[in-house]
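Numbering (the working numbering), first residue to last: 6 to 326.
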Ligand SMILES: [Mn+2]
């Protein structure tokens, strides 16, 4: 949809409807036709600490209007190349999955069904959370794409055992997805600080074959050595919890943690990952705009990181065509 203009519409950041990166809006997911589809999962009913990330999709979309995917792509001076050429890659925004107040299970089922629709059409789903619990129903919806490994960017392990018999909360998604028959191993990047997972949970993750790397270990080893050590399969899904970033640049999240990554470090890791494997889907979680600064820095950071990863992933696919 173009803004009204007597001349050519420029579609600047504050104008128009705030779809992700001003991408085309798809009003009925059953009609979706694209390479990549953004879908919001505005749920934070499964969170242990402070809520607010149900507003994540809104915040991320707002932050994403500062850039767009245009014909010819966007020039990256540092890498001297163009990314996300809209003539080559169609990105659509399918809006949000509906949430049912008081029914986390029914809400999760909505997400699984929506992701199934996209995946069955060969469209890469990019999910905007939502708390970390959304990655389990999301990956349930990826049951038709074959096996994949998970790359889990998070300060926390998210392998916590059930609490009072309940296992679908935001401290347990990696334990849950590890039980899916088509999920391989999980590479955890950015672990540090305190979380709900205890020593037994870390043991369980190791037994499952997961790779556990702290921020300090990544600084010491470098991502190239880690990717040589932990052999990823040729298809991955990225679960990115914004609290993997340092709390100074991503304060608006449920469990902010100091000692995290800065932007450039993650972009370099994304580039290295894109060169080693193929991105099948991505989910960004725990962005809680009510705690953000007035400039919406955390939301903007989340939007930027998604666009960067999509840029690297599509560039790799272009080079292999
Ligand atoms: Mn976390």
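Built from N, CA and C at the ideal position, the CB exists for glycine as well.
This structure is a prediction, so every number in the text was calculated from the model and none was measured.
With a cut-off of 8 Å on the beta carbons, I'd call residue 139 and residue 288 a contact; round off their distance for me.
In this structure residue 139 touches residue 288 by the C-beta definition: roughly 6 Å separates them, less than 8 Å.
Compute every distance between the C-beta of residue 254 and the non-hydrogen atoms of ligand 1, then say whether any falls below 7 Å.
Residue 254: no, Cβ never under 7 Å from ligand 1.
What are the start and end residues of the beta strand (DSSP E) that includes residue 314?
It is not in any beta strand (DSSP E) - residue 314 instead sits in the alpha helix (DSSP H) that spans 302-325.
Three-state class that DSSP yields for residue 297 in the structure shown
Looking at residue 297 - three-state DSSP - the assignment turns out to be coil, as it is neither helix nor strand.
Exposure of residue 15, with buried meaning 16 or more beta-carbon neighbours within 10 Å:
The residue is exposed, with fewer than 16 neighbouring Cβ atoms inside 10 Å.
For residue 111, which residues in the same chain have their Cβ closer than 8 Å to its Cβ, ignoring the five residues on either side in sequence?
105, listed in sequence order.
Starting from the Cα of residue 256, find the closest Cα among 307, 152 and 162 and give me that residue.
The shortest C-alpha separation from residue 256 is found at 307.
What does the Cβ neighbour count give for residue 137, buried or exposed, with the cut at 16 atoms within 10 Å?
By the neighbour-count criterion, in which a residue is buried when 16 or more other Cβ atoms sit within 10 angstroms of its Cβ, residue 137 is buried.
Classify residue 142 as buried or exposed, calling it buried when 16 or more other Cβ atoms lie within 10 Å of its own Cβ.
Counting of Cβ neighbours within 10 angstroms places residue 142 among the buried residues, the total reaching 16 or more.
Can the beta-carbon of residue 195 be found less than 8 Å from the beta-carbon of residue 275?
In terms of Cβ geometry, residue 195 and residue 275 do not form a close pair [threshold 8 Å].
Touch test, the region 151-169 against the region 229-243, Cβ-Cβ under 8 Å, three pairs minimum
In short, these stretches touch, since the Cβ pair count reaches three.
Locate the beta strand (DSSP E) running through residue 134, then write down its first and last residues.
Counting along the chain, the beta strand (DSSP E) containing residue 134 begins and ends at 129-134.
Using a Cβ-based criterion (distance less than 7 Å to any ligand heavy atom), does residue 340 qualify as near ligand 1?
Since the displayed the chain opens at 6 and closes at 326, residue 340 lies outside it and no answer follows.
Cβ of residue 137 within 7 Å of any heavy atom in ligand 1?
In this structure, the C-beta of residue 137 approaches ligand 1 to less than 7 Å from one of its heavy atoms.
Compute the distance between the beta-carbons of residue 206 and residue 166, then report whether it is under 8 Å.
Yes. Within cutoff.
Could you pull the start and end residues of the beta strand (DSSP E) that residue 110 belongs to?
Careful: residue 110 lies outside any beta strand (DSSP E), inside the alpha helix (DSSP H) at 109-125.
Could you say which of 322, 325, 315 and 326 lies nearest to residue 74 if we only look at CA atoms?
Minimum Cα distance to residue 74 is reached at 315.
At a cut-off of 7 Å, would you count residue 161 as near ligand 1, judging by its Cβ distance to the nearest heavy atom?
Yes - ligand 1 has a heavy atom lying nearer than 7 Å to the Cβ of residue 161.
Using the C-alpha atoms, what's the distance from residue 89 back to residue 321?
When rounded, the distance between both Cα atoms is 11 Å.
Would you decide whether residue 226 is buried or exposed? Buried here means 16 or more other CB atoms lie within 10 Å of its CB.
It is exposed - the Cβ of residue 226 has fewer than 16 other Cβ atoms within 10 Å.
8 Å Cβ cutoff met for residue 30 and residue 98
Yes, Cβ-Cβ distance for residue 30 and residue 98 is below 8 Å.
Quick one: what's residue 214 bridged to in DSSP?
For residue 214, which the question treats as bridged, DSSP gives no partner whatsoever.
Scan the region 167-220 and note each continuous beta strand (DSSP E) run of 3 residues or more that stays entirely inside, going in chain order.
The region 167-220 contains these whole beta strand (DSSP E) runs: 188-196 and 216-219.
Report whether the distance from the Cβ of residue 260 to the nearest heavy atom of ligand 1 is below 7 Å.
Correct: residue 260 has its Cβ closer than 7 Å to ligand 1.
With a threshold of 8 Å, are at least 3 pairs of Cβ atoms found where one atom belongs to the region 123-135 and the other to the region 209-228?
No, they do not touch.
What number of angstroms, rounded off, separates the C-alpha of residue 253 from the C-alpha of residue 52?
Going by the C-alpha atoms only, they are around 22 Å apart.
To the nearest angstrom, how far is the alpha carbon of residue 2 from that of residue 27?
A question about residue 2 goes unanswered here, because the residues of the chain that appear run from 6 up to 326.
Over the uninterrupted beta strand (DSSP E) stretch that includes residue 275, give me the two end residues.
That residue, residue 275, is in no beta strand (DSSP E); its alpha helix (DSSP H) goes 268-281.
Out of 17, 244 and 121, which has the shortest C-alpha to C-alpha gap to residue 163?
It is 244.
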